[in-house]
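Engineer: In my numbering, each residue's number is its place in the sequence shown (first place is 1) plus 14.
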Amino acid sequence: MSLPSQVRLIEVGPRDGLQNEAQPISVADKVQLVDALSAAGLGYIEVGSFVSPKWVPQMAGSAEVFAQIQRKPGVTYGALAPNLRGFEDALAAGVKEVAVFAAASEAFSQRNINCSISESLARFAPIMEAAKQHGVTVRGYVSCVLGCPYEGTVAPEQVSMVARELYAMGCYEVSLGDTIGIGTAGATRRLFEVVSAQVPRDRLAGHFHDTYGQAMANIYASLLEGIAVFDSSIAGLGGCPYAKGASGNVATEDVVYLLNGLGIETGIDLDALIAAGQQISAVLGRPSGSRVAKARSAQ
15 MSLPSQVRLI
25 EVGPRDGLQN
35 EAQPISVADK
45 VQLVDALSAA
55 GLGYIEVGSF
65 VSPKWVPQMA
75 GSAEVFAQIQ
85 RKPGVTYGAL
95 APNLRGFEDA
105 LAAGVKEVAV
115 FAAASEAFSQ
125 RNINCSISES
135 LARFAPIMEA
145 AKQHGVTVRG
155 YVSCVLGCPY
165 EGTVAPEQVS
175 MVARELYAMG
185 CYEVSLGDTI
195 GIGTAGATRR
205 LFEVVSAQVP
215 RDRLAGHFHD
225 TYGQAMANIY
235 ASLLEGIAVF
245 DSSIAGLGGC
255 PYAKGASGNV
265 ATEDVVYLLN
275 GLGIETGIDL
285 DALIAAGQQI
295 SAVLGRPSGS
305 RVAKARSAQ
């Protein structure tokens, strides 16, 4: 299969990236990050999450962030809304697209959201109905698609079942997440081969963590499978609070550098992106996790 000519990147840094940080991050710094990402040409930015601050303290203030960002025409500003209360709060904040998430592993589902996979999917029904009524689009995530910290190997057929259910209930796109970053290129190709029998390839996305240093190889493997949408995080921010040892998402800067080298269009200004990553890294008091940003700084 030939490589896609264009790739759409879903920037998850402001949400999936920052939610794991121990230090408080101000609303102003979050707004500055989102605006910098918009200016760099990102077409989709996951701005925040409407969950209880008791569970994810860093996502407190998401409504204020949405109220203060400079929204650019043509850019989607999404948010995670795992339950109906979260959806209602997101709607009140003017969010036009939300995301829901399920796990491909029963053990991870229980540890993460305290319910089974089937129970988690049932919880999404009222969200999907409300979203339809209000003209809000819904994106789905499936976690632990290439391995689980509690169960080990996860069968592609199990991932396929969960992805199919999310797609059938109305998620226009389903992102498959290697939550603990254990996947390899071969396993990635097999995963998309199996799942695409249930969900069209143009409705699938990849979400890779770089724990084992395989994220870029897995993205290339996904491209070979015709996948043209990827989640990434500015400066490699993020991880998973429920998966011990899971390092950050693949850095958006590194993905753009790869795609540029392949002649694949993204519409993103790499220099502006690197600057945005360095800016938030300075706020966090550490160097950017992007290999490209580090290499540029050393030149």
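Every residue, glycine too, gets a C-beta built ideally from N, C-alpha and C.
How many Å lie between L276 and L17 at the Cα?
Structural biologist: When rounded, the distance between both Cα atoms is 9 Å.
Engineer: Just to confirm before moving on: does the CB-CB distance between L160 and T202 stay below 8 Å?
Structural biologist: Contact flag set, yes.
Engineer: Suppose you measure from the CA of I24 to the CA of L298; what does that come to, to the nearest Å?
Structural biologist: Using only the alpha carbons, I get a separation of about 22 Å.
Engineer: Rounded to whole angstroms, what's the CA-CA distance from K308 to L251? Just pull it up for me.
Structural biologist: In a straight line, the C-alpha of K308 is about 14 Å away from that of L251.
Engineer: Out of curiosity, what's the CA-to-CA distance linking G62 and Q82?
Structural biologist: Cα to Cα, G62 sits roughly 13 Å from Q82.
Engineer: Pull up the distance between the alpha-carbon of H148 and that of G27, whole angstroms please.
Structural biologist: Approximately 27 Å, taken between the alpha carbons.
Engineer: Does the distance from the CB of F122 to the CB of C162 come in under 8 Å?
Structural biologist: Yes; because the gap between Cβ atoms is below 8 Å, this pair is in contact.
Engineer: Helix, strand or coil for V156, going by three-state DSSP, please let me know.
Structural biologist: The answer is strand: DSSP assigns V156 an E or B state.
Engineer: For S302 and Y234, what's the separation of their Cα atoms in angstroms?
Structural biologist: When rounded, the distance between both Cα atoms is 23 Å.
Engineer: From the DSSP output, read off the bridge partner residues of C162.
Structural biologist: Beta-bridge pairing links C162 to G166.
Engineer: Report the rounded CA-to-CA distance for G31 versus S247, giving the unit in angstroms.
Structural biologist: Cα to Cα, the separation comes out at about 6 Å.
Engineer: For A177, does the count of other Cβ atoms within 10 angstroms reach 16, so buried, or fall short, so exposed?
Structural biologist: Counting Cβ neighbours within 10 Å, A177 comes out buried, since at least 16 surround it.
Engineer: Given Y58, which residues of its chain have a CB within under 6 Å of its CB, disregarding the five upstream and five downstream residues?
Structural biologist: Only I24, T90 meet the Cβ criterion.
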